[in-house]
Structures are given as structure tokens and as C-alpha cells.
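Engineer: Numbering (my numbering), first residue to last: 432 to 998.
Every residue gets a Cβ at the ideal spot worked out from N, C-alpha and C, and that includes glycine.
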């Protein structure tokens with residue numbers, strides 16, 4: 432009987448490559464082009480799919496009816512907004528509101544009908560749809576062969592196809608669509624190691640696909656204290672980026688291997704990632720390994736309820752989750768005040784950049800360009816046609832102006848000063864955001880591990896947190912969520928810790944149960960509804976039936992635990 436194995440991943444940081452070349456960059460560009468071609472294929476397939484199912488008279492009738500209702504609803508919501516803008520305040524529009532509610536109800540009634548009709552149409556039109564799917568697969572295969580002939584390395588085009596298949600399945604389930612991607616010089620190089628490599632074999636310097644080489648500690652200069660201290664973690668990574676047969680390119684990167692590979696692992700895949708943070712490149716390598724599946728004991732802890740939120744505490748931190756187990760005191764998980772303050776600094780810097788950009792754009796758009804040099808006029812005309820110019824569009828004007836620095840020298844010098852300030856702010860914004868989000872993610876992963884360690888089952892509400900970010904509801908009315916609450920939700924990122932708990936629970940085969948019905952506004956003591964007007968926005972809720980007052984997060988946890996006990 433073969434040994435049961437599971438997958439684990441190791442990610443290590445790298446310094447920039449020592450011998451990166453144009454051919455390696457071309458691999459990244461070809462991958463981007465290949466992805467965009469697959470998106471084209473998918474959109475054409477989707478369009479044809481709906482055209483075929485629309486041949487069914489019932490589907491066509493329902494589609495047209497829903498489209499007409501949605502168009503009328505958009506028109507009414509637009510009328511409401513115009514009335515508010517004209518009055519410069521909220522105005523009552525009872526007739527329009529009533530019409531919108533009627534339209535919303537009709538749309539909700541028709542959506543299940545069109546889904547049922549489309550499903551029935553798919554059964555009737557099965558031969559046509561099967562032929563369509565065969566054509567889609569053939570188009571994907573043809574595109575893969577086309578880019579392989581153009582020089583795209585086999586490991587890279589296989590990775591793009593795999594990403595396309597995963598993204599396609601997610602889009603089908605969620606009702607979304609695939610998107611084109613602009614090439615910005617970033618991407619990944621993928622090496623699929625057929626048969627795998629053991630931890631010992633990856634240090635084989637004769638392997639042309641991938642190898643890790645221990646560097647000589649004497650390579651570090653006498654004053655390089657950090658280099659000598661961490662010499663045991665310094666390696667050289669060699670990876671093939673492209674080529675066939677005996678003609679191929681191997682790129683070498685300094686590798687910081689901060690932790691060893693797992694024992695008895697087999698490395699199946701290597702991905703070299705290049706990403707950009709502001710105007711700097713960051714390189715990492717990800718090793719996908721197969722390891723023996725550990726014998727996990729049966730979960731012996733208690734049922735654990737988790738209530739997510741984003742409530743600011745007196746010390747400036749954000750309460751992200753409340754956890755409770757039967758017979759034990761509840762506890763909270765916090766996003767520390769330091770992380771919150773530094774993420775807010777990111778928003779502050781972003782605001783400074785926006786205001787500064789608006790001032791520069793105003794100057795450039797109101798300037799008299801009639802006497803500008805001829806070779807600048809095309810760039811300026813393009814800039815003035817742009818509705819919302821970006822910093823990059825301003826930089827294009829500056830670059831064209833560099834050829835004529837003496838023309839309107841005062842404005843030219845002011846633009847160069849703006850460019851230097853904006854570059855400093857841009858670097859601060861991107862690097863600070865990157866560090867704080869990574870730190871928050873690491874914190875939540877560790878907290879999730881602690882939660883799962885003492886649980887036999889986990890229960891929480893699986894509500895759509897993205898709904899709380901919406902400024903308007905489906906009827907065009909402003910939501911009741913305050914701006915500060917939306918702001919704190921982005922910083923707290925409760926969905927991140929929810930996904931971390933899901934991941935850790937899945938690894939340990941701990942079941943996750945979803946609570947149905949109310950939890951926060953249902954009294955855990957008597958079961959009465961506490962969704963009263965005077966309880967909205969309050970941390971402590973009071974039940975009008977039994978007069979119990981309780982922290983709303985604690986109340987939600989107790990309600991969920993009682994629902995599990997009643998099963």
C-alpha cells in the first residue's frame with residue numbers, strides 16, 4: 432500500500448538575479464500575452480453559450496424582461512440622485528422608492544425562473560453545448576501550441592493553463608468573469624519537476640532545471656556582519672528560465688533560506704516570483720513539496736463559536752473576533768493599534784499624493800500651450816484629453832519637457848520638485864502597506880492556529896462581509912453603516928482571519944458549521960429578538976423581554992453555541 436502524502440509549501444526571499452537577460456523577461460511577457468488570449472477565448476465561449484441558450488423562447492423572454500426591469504430600476508435610481516444633487520440634501524421620494532421596491536421584487540422573482548429555464552434549455556441543447564465545449568478546449572490547445580512555438584517554456588505555459596482552469600471554475604461558481612492583465616514587467620517562472628526531487632537532490636549542482644548551492648562564507652566582506660552571521664542561511668538558487676535540449680538559460684539568484692525544508696519531502700514544483708513594490712523589484716521562490724501525511728488525532732477540544740467584527744477599543748486597537756467555548760471565559764483577537772496607525776498613515780500619504788496631483792493637473796490643464804515646442808504638443812494634447820490624469824501621465828509631460836528645460840523654466844522646475852516628492856511618498860505608501868498587511872496576515876495565521884488547537888468543531892456566521900463596504904443598497908439608498916465603520920473594516924480585514932481559521936481547521940479535519948438565522952440581535956438568555964432601534968450601533972445590547980444586558984459579540988457567541996447544543 433502506497434504511503435499517504437500531503438502538500439506543503441515553503442517560500443523564501445531572494446536578492447535580484449545576477450544574470451537575468453532579455454530572454455527571461457520575454458518569458459514573463461509571453462505568459463501575460465497567453466493569459467490575455469485565454470481570457471479572450473473564455474469571453475467568446477461565454478458569449479456563444481448565452482446566445483445558444485437564448486435560442487430557447489422561454490429563456491429569451493425572461494432575459495429580456497429582466498433586462499428591461501433592471502434598466503428601468505437604474506433610471507429611477509438615477510432620478511433620485513439627480514433630485515438629491517439639485518436640492519444638495521437628502522429628499523424624500525416616496526413614489527420613486529415604491530416603484531424601485533416593486534421592480535426589485537419582480538427581478539428577485541424572475542431570477543430563479545430564468546435559472547430554471549436556462550437549466551432546462553441546457554438539457555435540451557446538450558449536443559450544441561457539448562460541441563461548444565469541444566471547440567473551447569480546442570481553442571485553448573491551439574493557443575498553447577501557438578505560444579509554445581513562440582518560445583514560451585513548457586513549465587510556464589502549463590502554469591498559465593492551470594491558473595486559467597482554476598479561475599474559470601471560480602468565475603462559473605460566483606457568476607464573475609476573467610479579466611485581462613496589463614503587463615508591468617512582473618510575473619513568475621515555473622519549473623515542474625517531473626518525478627520530484629528529494630531534499631538531498633535539490634542540492635545537486637548538475638541538475639539543469641533547479642538547484643540550490645551553499646555559498647562560501649568567505650565570500651562576505653570583512654565588514655559584512657549580517658552576511659557572516661547568517662552565512663548558514665545564504666545560498667545560491669539556480670533555475671532554468673527557458674530553452675530546449677542543450678540550449679537553455681539558467682539564472683542565478685542569492686537565496687535566503689531562513690528555514691530548512693521538511694524531512695522526507697519531495698519537491699514537485701518551483702516558482703520564481705517577481706513582483707514590484709513602488710519602483711523596486713522583489714523576488715521570492717516558492718517550493719511546492721509532497722510530505723508524508725501526519726497521523727492527526729481525533730479533535731478532542733470543545734465546540735468553539737467565533738463572531739467576527741471590527742470594533743475600536745480605547746487603546747486604539749481593533750477587536751476583530753470574539754471566541755467562546757462552553758464553560759470557559761470568552762476572549763478576543765485584536766488588530767494592534769500600531770498596525771492600525773501605520774495603515775492609516777498609508778491612507779494619509781495617499782491623500783497627500785492625490786491633493787498634490789490635483790494641484791499639478793490644474794496647473795497643466797490651465798496653462799497656455801500655444802508657444803510650447805512642437806515636439807511637446809502631442810504629449811500635452813493627450814494629457815489634456817485624459818479625464819482623470821494619473822501621476823504617470825504627468826511624468827510623460829515632464830519627460831517631453833526635459834528636452835526644452837528653458838521654456839517656462841519656473842513651471843518646469845516646480846514639476847520636477849513635485850515629481851521627487853511624489854516618488855518619496857509613493858515609496859513610503861507602497862512599502863508601508865506591504866509590510867503592515869504581511870504583518871497582519873502573519874498575526875492572524877498564528878491566532879487562527881491557537882483557536883483551532885482547542886476546538887472539536889467551529890461555528891460562525893458565514894455572512895458576506897463585502898456587503899458592509901457598499902455605499903448604497905440595491906434600491907439606491909445610502910447604507911446605515913457609518914464611514915468610520917467601513918474604514919475600520921478595511922483595516923481589520925476580518926475576512927482574512929476567517930479564511931485563516933478555515934485553512935487551519937481543514938488541515939486538522941475539524942468541521943466548520945455555519946450558523947443560520949440571527950446571532951447578534953437574538954437574546955442568548957431568552958431567545959427574544961433584540962433588533963430594536965435603540966440597540967443599533969451599541970456595543971452592549973439590552974433585551975426588552977428579560978432585561979439582560981450583554982456585549983453583543985459575547986451574546987452572538989452564546990447564541991451560536993446554544994444552536995449547536997440544540998441540534
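1. Which class does residue 610 belong to by DSSP, given the choice of helix, strand or coil?
2. Say the cut is 7 Å; is the CB of residue 486 nearer than that to a heavy atom of the ligand HEM?
3. Check for me: the alpha helix (DSSP H) holding residue 763 runs from which residue to which?
4. Following the continuous alpha helix (DSSP H) through residue 539, name the residue where it begins and the one where it ends.
5. For residue 741, report the span of its beta strand (DSSP E) as first-last.
6. When the distance is taken between beta carbons, is residue 560 closer than 8 Å to residue 483?
7. Might you give, ordered along the chain, the residues of its own chain that have their beta carbon closer than 6 Å to the beta carbon of residue 961, omitting 5 neighbours on each side?
8. I need the DSSP call for residue 1003, collapsed to helix, strand or coil.
9. Kindly list the residues whose CB is nearer than 7 Å to the CB of residue 773, restricted to its own chain and excluding five residues on each side of it in sequence; keep chain order.
10. Alpha helix (DSSP H) containing residue 813: first to last residue?
11. Where does residue 988 fall in DSSP's three states?
12. Hey, could you find the ends of the beta strand (DSSP E) residue 714 is sitting in?
13. Within 10 angstroms of its Cβ, does residue 984 collect 16 or more other Cβ (buried), or is it exposed?
14. With a threshold of 8 Å, are at least 3 pairs of Cβ atoms found where one atom belongs to the stretch 876 to 892 and the other to the stretch 930 to 939?
15. Looking at the secondary structure, which residues open and close the alpha helix (DSSP H) in which residue 502 lies?
16. Per DSSP, residue 891 forms a beta bridge with which residues?
17. Using a Cβ-Cβ cut-off of 7 Å (strictly less than) and excluding sequence neighbours within five positions of residue 615, which residues of its own chain qualify?
18. DSSP state of residue 522, grouped into three classes?
19. Just grab the DSSP bridge partners of residue 440 for me.
20. Taking residue 865 as the reference, give the member of 712, 754, 621 with the closest Cα.
21. Would you kindly report the start and end of the unbroken alpha helix (DSSP H) that includes residue 746?
22. Count the other C-beta atoms from every protein chain shown that fall within 10 angstroms of the C-beta of residue 611, then say buried if there are 16 or more, exposed otherwise.
23. Could you spell out where the beta strand (DSSP E) holding residue 666 opens and where it closes?
24. Assign residue 504 to buried or exposed, taking buried as 16 or more other Cβ atoms, counted over all protein chains shown, within 10 Å of its Cβ.
25. With a 10 Å radius around its C-beta and 16 neighbouring C-beta atoms as the bar for buried, classify residue 689 as buried or exposed.
26. Within the continuous beta strand (DSSP E) that includes residue 412, where are the two ends?
27. Tell me whether residue 691 sits in a helix, a strand or coil according to DSSP, three-state version.
28. Taking residue 568 as the reference, which of 739, 550, 592, 525 has the closest Cα?
29. Residue 562 and residue 474 look like a contact to me (Cβ under 8 Å); what is the Cβ gap, rounded to whole Å?
30. Alpha carbon to alpha carbon, how far is residue 800 from residue 654? Give it in angstroms, no decimals.
31. One question on the structure: do residue 737 and residue 860 come within less than 8 Å of each other, judged by their Cβ atoms?
32. Over what stretch of residues does the alpha helix (DSSP H) that includes residue 927 continue unbroken?
33. Following the continuous beta strand (DSSP E) through residue 641, name the residue where it begins and the one where it ends.
34. Round the Cβ separation of residue 445 and residue 715 to the nearest angstrom and send it over; I've been treating them as touching at under 8 Å.
35. Is residue 1010 helix, strand or coil when you go by DSSP?
36. Nearest-angstrom Cα distance between residue 845 and residue 792?
Structural biologist: The short version:
1. If you number the chain shown from 1, residue 610 lands on position 179. The answer is coil: DSSP assigns residue 610 none of H, G, I, E or B.
2. Inclusion of the ligand HEM in the displayed structure is not the case, the ligand content being empty and no account of it being possible.
3. If you number the chain shown from 1, residue 763 lands on position 332. Segment 762 to 766 is the beta strand (DSSP E) holding residue 763; no alpha helix (DSSP H) there.
4. Taking the chain shown and counting its residues from 1, the one referred to as residue 539 is at position 108. DSSP places residue 539 inside the alpha helix (DSSP H), whose first and last residues are 525 to 555.
5. One-based indexing of the chain shown puts residue 741 at position 310. First-last of the beta strand (DSSP E) with residue 741: 733 to 743.
6. Along the chain shown, read from residue 1 onward, the residue named residue 483 stands at position 52. Along the chain shown, read from residue 1 onward, the residue named residue 560 stands at position 129. Taking 8 Å as the Cβ cut-off, residue 483 and residue 560 qualify as a contacting pair.
7. Along the chain shown, one-based indexing puts residue 961 at 530. Excluding sequence neighbours, residue 961 sits near 952, 954, 972, 974.
8. No answer is possible for residue 1003: the residues shown for the chain start at 432 and end at 998.
9. Numbered from its first residue, the chain shown carries residue 773 at position 342. Result list for residue 773: 863, 867, in chain order.
10. The residue given as residue 813 occupies position 382 in the chain shown. Counting along the chain, the alpha helix (DSSP H) containing residue 813 begins and ends at 805 to 816.
11. Counting from one through the chain shown, the residue named residue 988 turns up at place 557. The answer is helix: DSSP assigns residue 988 an H, G or I state.
12. As a first step, residue 714 is located in the chain shown; it is residue number 283 there, counting from the start. Residue 714 -> beta strand (DSSP E) spans 711 to 723.
13. Counting from one through the chain shown, the residue named residue 984 turns up at place 553. Looking at its Cβ environment, which holds 16 or more other Cβ atoms inside 10 Å, residue 984 is buried.
14. yes
15. Numbered from its first residue, the chain shown carries residue 502 at position 71. Counting along the chain, the alpha helix (DSSP H) containing residue 502 begins and ends at 488 to 518.
16. To locate residue 891, count along the chain shown from 1; it is residue 460. Paired residues: 945.
17. Here the question's residue 615 lines up with position 184 in the chain shown. Around residue 615: 707.
18. The residue you call residue 522 lines up with position 91 of the chain shown. Correct three-state label for residue 522: coil.
19. Sequence index remark: in the chain shown, residue 440 carries index 9 (1-based). Paired residues: 719.
20. Within the chain shown, numbered from 1, the residue matching residue 865 stands at position 434. For residue 865, the nearest C-alpha among the options comes from 712.
21. Counting from one through the chain shown, the residue named residue 746 turns up at place 315. Careful: residue 746 lies outside any alpha helix (DSSP H) and carries neither H nor E.
22. The residue you call residue 611 lines up with position 180 of the chain shown. With fewer than 16 other Cβ atoms within 10 Å, it is exposed.
23. Sequence index remark: in the chain shown, residue 666 carries index 235 (1-based). Segment 665 to 675, the beta strand (DSSP E) holding residue 666.
24. Here residue 504 refers to the residue found at position 73 when the chain shown is read from its first residue. Result: buried.
25. Walking along the chain shown from the start, residue 689 turns up at place 258. Residue 689 sits exposed, since fewer than 16 C-beta atoms from the chains shown fall within 10 Å of its C-beta.
26. In the structure as shown, the chain begins at 432 and stops at 998. Residue 412 is therefore absent and cannot be evaluated.
27. On the chain shown, position 260 is the one that residue 691 refers to. Looking at residue 691 - three-state DSSP - the assignment turns out to be coil, as it is neither helix nor strand.
28. Counting from 1 along the chain shown, the entry for residue 568 is found at position 137. Among 739, 550, 592, 525, the Cα nearest to that of residue 568 belongs to 592.
29. Numbered from 1 along the chain shown, position 131 holds the residue referred to as residue 562. Numbered from 1 along the chain shown, position 43 holds the residue referred to as residue 474. Contact doesn't hold; Cβ gap of about 19 Å is too wide.
30. Along the chain shown, one-based indexing puts residue 654 at 223. Along the chain shown, one-based indexing puts residue 800 at 369. At residue 654, the pLDDT of 43 sits below 50, so the modelled position is not reliable; the number obtained from the coordinates is stated separately. One C-alpha to the other measures close to 55 Å.
31. Taking the chain shown and counting its residues from 1, one reaches residue 737 at position 306. Taking the chain shown and counting its residues from 1, one reaches residue 860 at position 429. Not a contact, by the Cβ cut-off of 8 Å.
32. Within the chain shown, the letter at position 496 stands for residue 927. It spans 925 to 938 - the alpha helix (DSSP H) in which residue 927 sits, taken as one unbroken run.
33. If you number the chain shown from 1, residue 641 lands on position 210. Run containing residue 641: 641 to 645, per the beta strand (DSSP E) assignment.
34. Your numbering for residue 445 matches position 14 in the chain shown. Your numbering for residue 715 matches position 284 in the chain shown. Right, the Cβ-Cβ distance comes to about 6 Å (below 8 Å), so this counts as a contact.
35. Residue 1010 is absent from the structure shown; the chain starts at 432 and stops at 998.
36. As a first step, residue 845 must be located in the chain shown, where it is residue number 414. As a first step, residue 792 must be located in the chain shown, where it is residue number 361. Taking the straight line joining both Cα atoms gives about 12 Å.
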